[in-house]
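To keep things clear, I will list the structure first and then write my remarks on it.
Residue numbers (this note's numbering): 498 to 651.
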């Protein structure tokens with residue numbers, strides 16, 4: 498909807514107060530709409546937050562939304578969000594955003610860049626995933642963990 502896209506676009510603001518208000522609005526919307534609509538909220542965020550500091554805002558906001566909806570989610574209710582979340586969270590942990598976090602100048606620009614919340618987001622997903630016989634959801638999470646785990650050679 499237009500209201501969701503407006504709130505998503507506001508998260509791209511350079512003003513931290515505007516971002517915080519928009520994040521609270523998105524979290525409230527996610528809590529009202531529930532887990533069934535989480536993939537469409539994720540898509541709206543991804544359309545608005547594509548580069549630079551916005552990538553930090555994306556990871557931070559996804560964590561805030563996921564933390565809120567997971568409190569009341571039954572096992573399996575977050576399954577439909579795994580496919581869209583795992584690549585974003587992996588990128589936040591290992592991609593450009595992770596590299597930028599190591600640069601003090603960037604990390605000082607906003608609270609979203611100071612720490613990576615995506616490890617915790619993956620943990621939330623892992624606790625709420627329904628372990629089904631088809632294993633697709635579990636395979637996606639295992640793939641993400643394998644990608645993030647350093648290879649040991651002897």
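Here a beta-carbon is modelled for each residue, glycine too, at the ideal position from N, C-alpha and C.
Non-local C-beta neighbours of residue 607 in its own chain, meaning closer than 8 Å and more than five positions away in sequence, comprise 513, 516, 550, 553, 554, ordered along the chain. For residue 585, there are no CB contacts under 6 Å within the same chain when 5 residues up- and downstream are skipped. At least 8 Å separates the beta-carbon of residue 626 from that of residue 580. In the pairwise beta carbon analysis, the segment 558-571 is classified as touching the segment 517-525: at least three pairs are separated by under 8 Å. Annotated three-state conformation of residue 608 is helix, per DSSP. Non-local beta-carbon contacts of residue 557 in its own chain, meaning distances under 8 Å to residues more than five positions away in sequence, involve 520, 608, 609, 614 in chain order. Judged by DSSP secondary structure, residue 553 falls within the alpha helix (DSSP H) whose first and last residues are 550-567. Taking residue 529 as the centre and dropping the five residues before and after it, the same chain places no C-beta closer than 8 Å to its C-beta.
Under the rule that a run must span 4 or more residues, the alpha helix (DSSP H) segments found entirely inside the segment 520-553 read 535-545. Contact annotation, residue 505 with residue 541: C-beta distance approximately 4 Å; criterion of less than 8 Å satisfied.
In the structure shown, residue 572 adopts coil according to DSSP, grouped into three states. Put simply, the backbone Cα of residue 501 is about 10 Å away from that of residue 539.
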